[in-house]
Structure formats: C-alpha cells, structure tokens
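Participant: One structure coming up, written as structure tokens, with questions to follow.
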Amino acid sequence: LAGSLLEQAEQLLERGIHPIRISDGYEMAAKLCLEELDKISDQFVFSKENKEPLIQTAMTTLGSKIVNKCHRQFAEMAVGAILSVADIERKDVDFELIKVDGKVGGTLSDSILVKGVIVDKDFSHPQMPKSIKDAKIAILTCAFEPPKPKTKHNLYVETVKDFENLAKYE
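Numbering (our numbering), first residue to last: 1 to 170.
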C-alpha cells in the first residue's frame, strides 16, 4: 500500500503538483479512512480474565502460517506475551518489550513463554547444575575476573631446595 501511494505521489510530482499539496491530500484521505473504519468497526470486548476471544483471534491469524501442530499453544503464548506488556487503559502495547528467541534442537511443542529475562550463557564447567530455583543473579556489564597484575614476574625453580624455599615464603 505504501509503495503504491509513493508511486502515485511520484506521478503527481511529475505533473507539477507541489509536495505539500500531495501530503495534505494524503492526510485528508487518512482522516476519511479512519472515520469510515470507525463507522464499520465492531467493539471487541476482552479482559485479562477472559482471554478466549484473543486466543481465537490469534489462532485465526496463525492459521495461515507454518505453525499447524501447536496452533493453540502458540496462540496462547502470543496472547500471554501481549497481555504481559500491554497498557490496557491506554490501549497500547510496547512491542520492544517482547522478544522471540529460537534455540537449536527440540520441537515446536517444546516452546514456552518466559515472563522475565533469559540469560543465555554456556556452562563454564560440565559439573555445574543445569537448573537452579530461586537463584539470585547479578547481571554485570563488565568482566568478572580478578584484576591482572600490572607487572609480570617470572619465577624459576630449578631445584627441590628452591621449591621448598618458595613454599616457606608463600
């Protein structure tokens, strides 16, 4: 639609019509369209308690997509994600707060909605626990390592006596 409007605007420009007049015409047309949509639209009543109309709408939308086996599951996840970030009073949704993240392996039915933060890091040791409940997590924007010394030292141990002296010194 936008491409067609731009093509038509280009033709109007070639005829010598001023860009401001074209812009004003598009604004008037947009207002007329919105008024007509208000006249023919229906009220869609929903609440956070009764999500079924929203889920049915999402299922209709997903019907034309690749998702076929997990139709309802994906519709419920989509509705849950929207409702968790939506400002119902203002009728506003900040889509920047929703992220879809894919992982290799598993099936579509393994998909879940996470209401929170996903920390995607590799295990630093194979014996680390795979899951921890009620964990306290620090998210840092800097390296979490002991500081490196500013000077480098080399220590040469050539005999057992040198090693014993080093152990005593430590």
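The beta carbon of each residue, even a glycine, is placed where N, CA and C say it ideally should be.
Here the structure is a predicted model, which means the values were calculated and not measured.
1) Specify whether the segment 5–14 and the segment 22–29 touch according to this definition: at least 3 beta carbon pairs, one from each stretch, less than 8 Å apart.
2) Quick check on the burial criterion: 16 or more other C-beta atoms within 10 angstroms. Buried or exposed for F123?
3) Just to confirm the assignment, what range does the alpha helix (DSSP H) spanning N68 have?
4) Between the segment 96–106 and the segment 56–74, can you find at least three pairs of beta-carbon atoms closer than 8 Å?
5) For S23, report the span of its alpha helix (DSSP H) as first-last.
6) What residues in its chain sit with their C-beta under 7 Å from that of A78, if we drop five residues either side in the sequence?
7) For V93, which of helix, strand or coil comes out of DSSP?
8) For I98 versus V119, is the C-beta spacing smaller than 8 Å?
9) Quick one: grab the DSSP three-state call for A86.
10) In whole angstroms, what is the alpha-carbon distance linking D134 and G116?
Facilitator: Reading off the structure:
1) With a cut-off of 8 Å on Cβ pairs, the segment 5–14 is in contact with the segment 22–29, counting three or more such pairs.
2) By the Cβ-count criterion, F123 is exposed, with fewer than 16 other Cβ atoms from all chains shown falling within 10 Å of its own Cβ.
3) DSSP places N68 in no alpha helix (DSSP H); its state is neither H nor E.
4) By the C-beta criterion, the segment 56–74 is judged not to be in contact with the segment 96–106, since fewer than 3 inter-stretch pairs fall below 8 Å.
5) Segment 19–40, the alpha helix (DSSP H) holding S23.
6) The residues A58, in chain order, have a CB closer than 7 Å to that of A78 in the same chain once the five nearest residues on each side in sequence are set aside.
7) Note: V93 maps to strand in three-state DSSP.
8) Going by beta carbons, I98 and V119 fall outside the 8 Å limit.
9) Residue state for A86 is assigned as strand, using DSSP reduced to three classes.
10) Rounded to whole angstroms, the separation of the alpha carbons of G116 and D134 is 13 Å.
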